[in-house]
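Report on one structure; see the data block that follows.
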Amino acid sequence: MPDSIPTDSVGLVTPQVYKFDEPLTLRSGKVLLEYELVVETYGKLNSEKTNAVLICHALSGDHHAAGYHSESDSKPGWWDSCIGPGKAIDTNLFYVVSLNNLGGCAGSTGPTSINPETAKYYGPDFPVVTVRDWVSSQLRLMERMEISEWAAVVGGSLGGMQVLRWAISYPDKVRHAVCIAAAPKLSAQNIAFNEVARRSITNDRDFYEGRYLDKGTYPKQGLMLARMVGHITYLSDSAMRAKFGKSVSNFEQDTAENFGRDLRSGKLSFGFDVDFQVESYLHYQGERFSKNFDANTYLLMTKALDYFDPTVDFKGDLSKAFANSDCKFLLMSFSTDWRFPPERSREIVADLLKAGREVSYLEIEADQGHDAFLLPIPRYIEALSGYLQRVHRENESDAS
Amino acid sequence: MRPDLEIIQQWIQPDSKVLDLGCGDGSLLHYLQTTKNVHGIGLEIDKTNIQHCLDRGTNVIEQNLDEGLSNFRSGSFDTVLLAQTLQALSKPDHLIDEMLRIGKNGIVTFPNFGNWKSRLYLASRGRMPVSKFIPHSWYNTPNIHFCTVKDFDALCRERNIKVLARTVVDLEHQGSWYMKAWPNLLGEIAIYHISKDTD
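See the structure below:
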């Protein structure tokens, strides 16, 4: 818990629930008859309603992007480093809207909600949702809020893919698209990692074909494994070396470097228990995640990633997908991100240029791998801040 | 604004699409955007300059010119600019070909190494010229491909590049009748407006 809430925080926030009873036809053809979206907003909507910024969350994110839910919260929202008064996404200037996506497990309708048709948990019956479906539901939220245009739509990783979908499907409703550490579509390697994560969940004996909530249990081991493998792909080799290479043992004195091989108890066990710090760290991360995240949601989110391919309606040509995307773009990538490396962002930039779009692109030097997009890396924050100041200035000059 | 940019902007049409290779802090693009409604994109590798571009509101892409421009479509811009960057490129001739592939016309400016001051410096001291304008020593200079007005004219002839206009100016960016008469001797900065010779 922070001793007191910092002055550059949005402070205490209360999520709101929006109910939608107009059926939503999903990409799969299935229909969600009704659903709820849980939403947080920060800052004030101006009288012309031109300063709204939509935040799209990544795989394990949710609506709680900034501030605290209560005085006893140990941590603020997941993107508190960027959202707040005077921060890069400045809540003194913008009205920031952040929601939990459909299929999530933080309050919006998803596998842990009650299916009105059966009066039981949806569990595995919750339909597979895609990035396109999320954006359709975000559009309905926007209409409900009576916002006709986003000043900017901003997201990293899977959130960045939602940004691209907005720019492709609803370009007249987005003035600026900010897409961070994303990819135009997943590579075979990306899908492979997702499949390992899914298999570890579905093979857990407490999975019960997704009906674990009805049985009063959950696939803890499977979720842990899924998160452990996921977590490895979010970090870079250099970040792991630095994180787990702090205590150099006696025999390494000459090199003063242990390649991230810090031992947990100072000596090898010559058994199959945890020997290295990196192992216990992954166990801890997996354990913590398994307590807070729903396994069916994890399956859904990884499928949404695997299925994302905005070129599907354009014969595989992403530049054609951007043919009408006359919003302005900012893309950023991170040098050591091997999940969605800079080359993947450059692919998007090349197709935006081919489509004649206005685009800015930065490649940020950062050791932290894919995780960097969530961290306060000075050049990244400064760039995002500079760009959003421009968004604000354009807003002001349009109004005058 | 840097005075060579003052001259360049006269050759740029209102509402046109401009690609600025090595756009620096984005001041020219910003000026063109606000005064001529130009749609511009700049390429830059210096991080401080890139931030200046973002702060100004000009589009900037972090990209090293020496790694090529294959991500740009042929004919996708009206004018491609290369201001005071030619001499720092690893393959300047290749980049000029690329400029004229991507743009309908190009504008190139470079320090003229054939200027009398450079000639006198080298002739009298026997050492590589160092001046206020080109302040680097030979071993740490980013400028690896100096050329003269005559050299550039020769390249244009070899590559069938049409010179639409050529101006030379001094460091105060003043032109004069004697610079027009002896550009390679008196001009300190050369400014070329070029296009592909399609005749």
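Line by line, the protein sequences are chains Y and Z.
Heads up: the first sequence begins at 23 in the numbering used here, then just goes up one per residue.
Heads up: the second sequence begins at 38 in the numbering used here, then just goes up one per residue.
Here a beta-carbon is modelled for each residue, glycine too, at the ideal position from N, C-alpha and C.
Under 8 Å between C-beta atoms of residue i and residue j
i: GLU62 of chain Y; j: VAL39 of chain Y; result: no
i: LEU106 of chain Z; j: LEU126 of chain Z; result: no
i: TYR329 of chain Y; j: THR152 of chain Y; result: yes
i: PHE18 of chain Y; j: CYS201 of chain Y; result: The structure shown does not extend to residue 18 of chain Y, since chain Y is modelled only from 23 through 422, so no value can be given for it.
i: PRO395 of chain Y; j: ALA199 of chain Y; result: Note on identity: in this sequence residue 395 of chain Y is Phe, with Pro being the wrong assignment. Cβ atoms of PHE395 of chain Y and ALA199 of chain Y: not closer than 8 Å.
i: ASP335 of chain Y; j: LYS207 of chain Y; result: no
i: PRO193 of chain Y; j: ASP348 of chain Y; result: yes
i: ALA326 of chain Y; j: LEU180 of chain Y; result: yes
i: SER367 of chain Y; j: ILE386 of chain Y; result: no
i: SER31 of chain Y; j: GLY108 of chain Y; result: no
i: ILE190 of chain Y; j: PHE344 of chain Y; result: yes
i: LEU192 of chain Z; j: ASP130 of chain Z; result: yes
i: LYS84 of chain Z; j: ARG401 of chain Y; result: yes
i: ARG415 of chain Y; j: LEU91 of chain Z; result: no
For residue j and residue i, believed in contact at Cβ under 8 Å, the rounded distance
i: PHE215 of chain Y; j: LEU322 of chain Y; result: That belief does not hold up - the Cβ atoms of PHE215 of chain Y and LEU322 of chain Y are roughly 16 Å apart, past 8 Å.
i: ALA128 of chain Y; j: VAL60 of chain Y; result: 7 Å
i: GLY65 of chain Y; j: VAL118 of chain Y; result: 5 Å
i: GLY282 of chain Y; j: GLY267 of chain Y; result: 4 Å
i: TYR57 of chain Y; j: THR131 of chain Y; result: 4 Å
i: LEU42 of chain Z; j: ILE78 of chain Z; result: Contact flag wrong, Cβ pair sits at about 17 Å.
i: GLY224 of chain Z; j: ASN152 of chain Z; result: 6 Å
i: ASN318 of chain Y; j: PRO138 of chain Y; result: Between PRO138 of chain Y and ASN318 of chain Y the Cβ distance is about 17 Å, and since that is not below 8 Å, they are no contact.
i: GLN160 of chain Y; j: ALA261 of chain Y; result: About 32 Å; that fails the 8 Å criterion.
i: LEU76 of chain Y; j: TRP172 of chain Y; result: 5 Å
i: ALA248 of chain Y; j: ILE223 of chain Y; result: 5 Å
i: VAL371 of chain Y; j: ILE82 of chain Z; result: Wrong, their Cβ atoms sit about 15 Å apart, outside the cutoff.
i: ARG286 of chain Y; j: VAL296 of chain Y; result: 6 Å
Neighbourhood of residue i by C-beta, 6 Å cutoff - its chain only, sequence neighbours within 5 removed
i: GLY143 of chain Z; result: VAL117, MET136, LEU137 and ILE231
i: LYS199 of chain Z; result: SER232 and ASP234
i: PHE147 of chain Z; result: LEU123, GLN124 and ALA227
i: ILE169 of chain Y; result: LYS71 and ALA74
i: LYS242 of chain Y; result: SER312
i: HIS67 of chain Z; result: ARG93 and THR95
i: ARG361 of chain Y; result: THR255 and HIS392
i: ILE45 of chain Z; result: ILE144
i: ASP62 of chain Z; result: ASN86 and HIS89
i: SER341 of chain Y; result: ASP373, LYS376 and ALA377
i: VAL218 of chain Y; result: VAL251
i: ASN123 of chain Y; result: TRP156
i: GLN100 of chain Z; result: LEU80
Residue i beta carbon near the ligand ATP (any heavy atom closer than 7 Å)
i: ALA199 of chain Y; result: Among the components of this structure there are no ligands whatsoever, and the ligand ATP is therefore not found.
Same chain only: Cβ atoms within 8 Å of residue i, ignoring 5 sequence neighbours per side
i: PRO51 of chain Z; result: LYS73, ASN74 and VAL75
i: MET250 of chain Y; result: LEU304, HIS305, GLN307 and GLY308
i: LEU159 of chain Z; result: MET165 and PRO166
i: LEU132 of chain Z; result: LEU58, LEU102, LEU106, LEU119, LEU123 and LEU126
i: ASN225 of chain Y; result: GLY244
i: TRP100 of chain Y; result: HIS79, GLY83, ASP84, HIS86, ALA87 and LEU396
Extent of the continuous alpha helix (DSSP H) to which residue i belongs
i: MET136 of chain Z; result: 129-139
i: HIS305 of chain Y; result: 299-314
i: CYS193 of chain Z; result: 186-195
i: ASN212 of chain Y; result: 210-224
i: GLU58 of chain Y; result: GLU58 of chain Y -> not in any alpha helix (DSSP H); beta strand (DSSP E) instead, spanning 57-64.
i: ALA345 of chain Y; result: Per DSSP, ALA345 of chain Y belongs to no alpha helix (DSSP H) and is neither H nor E.
i: SER158 of chain Y; result: 153-166
i: LEU375 of chain Y; result: 364-376
i: LYS37 of chain Z; result: In the structure as shown, chain Z starts at 38 and stops at 236, and residue 37 of chain Z therefore has no counterpart that could be examined.
i: ALA160 of chain Z; result: 153-162
Continuous beta strand (DSSP E) stretch holding residue i: start and end
i: TYR402 of chain Y; result: Unbroken run through TYR402 of chain Y is the alpha helix (DSSP H), 400-421; no beta strand (DSSP E).
i: ALA264 of chain Y; result: ALA264 of chain Y -> not in any beta strand (DSSP E); alpha helix (DSSP H) instead, spanning 259-265.
i: GLN38 of chain Y; result: 38-42
i: VAL205 of chain Z; result: 198-206
i: GLY129 of chain Y; result: No beta strand (DSSP E) contains GLY129 of chain Y, which DSSP labels as neither H nor E.
Own chain residues within Cβ distance below 7 Å of residue i, not counting five before or after
i: MET183 of chain Y; result: VAL153, ALA204 and PHE330
i: GLY408 of chain Y; result: none
i: PHE315 of chain Y; result: SER82, CYS127 and LEU245
i: SER113 of chain Z; result: ILE139
i: ILE49 of chain Z; result: VAL55, LEU69, LYS73, VAL75 and THR116
Chain-ordered residues of the segment 407-418 of chain Y with a beta carbon less than 8 Å from chain Z:
GLY408, TYR409, GLN411, ARG412, ARG415 and GLU416
For the segment 95-108 of chain Z, which residues have a CB atom closer than 7 Å to at least one CB atom of chain Y, in sequence order?
ASN96, VAL97, ILE98, GLU99 and ASN108
Chain A contacts from the segment 367-400 of chain Y (Cβ-Cβ distance under 8 Å):
This model lacks chain A altogether, as its protein chains are Y and Z.
Identify each residue in the segment 109-134 of chain Z for which the Cβ-Cβ distance to at least one residue of chain Y is less than 8 Å, and report them in chain order.
PHE109, ARG110 and SER113
Which residues, taken in chain order from the segment 93-119 of chain Y, show a beta carbon closer than 9 Å to some beta carbon of chain Z?
none
Using a Cβ-Cβ cutoff of 8 Å, what residues of the segment 63-86 of chain Z are near chain Y? List them in chain order.
HIS76, ILE78 and LYS84
Taking Cβ-Cβ distances below 8 Å as the criterion, which residues of the segment 161-191 of chain Y are in contact with chain Z?
none
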